[in-house]
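Asks: Residue numbers (full-length UniProt numbering): 1 to 117.
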């Protein structure tokens with residue numbers, strides 16, 4: 001221990017599901033992703049603006065603001081070191097599969113990525 005103080009772990013109170021929606025998740029690469037969690041959230045206003053303070057925090061860390069939902073996941077990554085991703089449940093066919101890329105496979109992004117100069 002760096003400061004010779006005991007480690008006090010935070011109390012973790014589970015948050016129960018309030019809706020019955022689920023989405024199948026298959027982890028095909030457990031060595032690369034030993035744990036994958038998801039939660040269905042409803043009633044999000046995807047048109048809501050990202051608060052200016054959050055946009056500025058992201059900008060100072062080299063991350064451009066996309067929209068409020070994506071910005072929140074990027075903010076959580078910066079603050080907690082926990083990578084996150086948000087999906088539109090209505091656009092997912094079948095379920096979520098966590099796996100390594102297959103040889104020759106290409107990645108199709110939802111938005112064009114600006115070239116860095």
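Yeah, the Cβ is synthetic: ideal placement off N, Cα and C, and Gly gets one too.
Just so we're clear, the structure is a prediction, and the values are computed from it rather than from any experiment.
Assuming residue 27 is part of the beta strand (DSSP E), what are its boundary residues?
Replies: Within the chain shown, numbered from 1, the residue matching residue 27 stands at position 27. Unbroken beta strand (DSSP E) run through residue 27: 25-27.
Asks: Under a three-way DSSP split, which group does residue 69 fall into?
Replies: Stepping through the chain shown from its first residue, residue 69 is reached at position 69. In this structure, residue 69 counts as helix in the three-state DSSP scheme.
Asks: Can you give me the C-alpha to C-alpha distance between residue 96 and residue 54, rounded to a whole angstrom?
Replies: Translated into the one-based positions of the chain shown, residue 96 becomes position 96. Translated into the one-based positions of the chain shown, residue 54 becomes position 54. Looking at the two C-alpha atoms, the distance is approximately 28 Å.
Asks: Tell me the DSSP bridge mates of residue 108?
Replies: Taking the chain shown and counting its residues from 1, the one referred to as residue 108 is at position 108. Its beta-bridge partners do not exist; DSSP assigns none.
Asks: Taking Cβ positions, are residue 68 and residue 48 nearer each other than 9 Å?
Replies: Within the chain shown, residue 68 is the residue found at index 68, counting from 1. Within the chain shown, residue 48 is the residue found at index 48, counting from 1. Yes, the Cβ-Cβ distance between residue 68 and residue 48 is below 9 Å.
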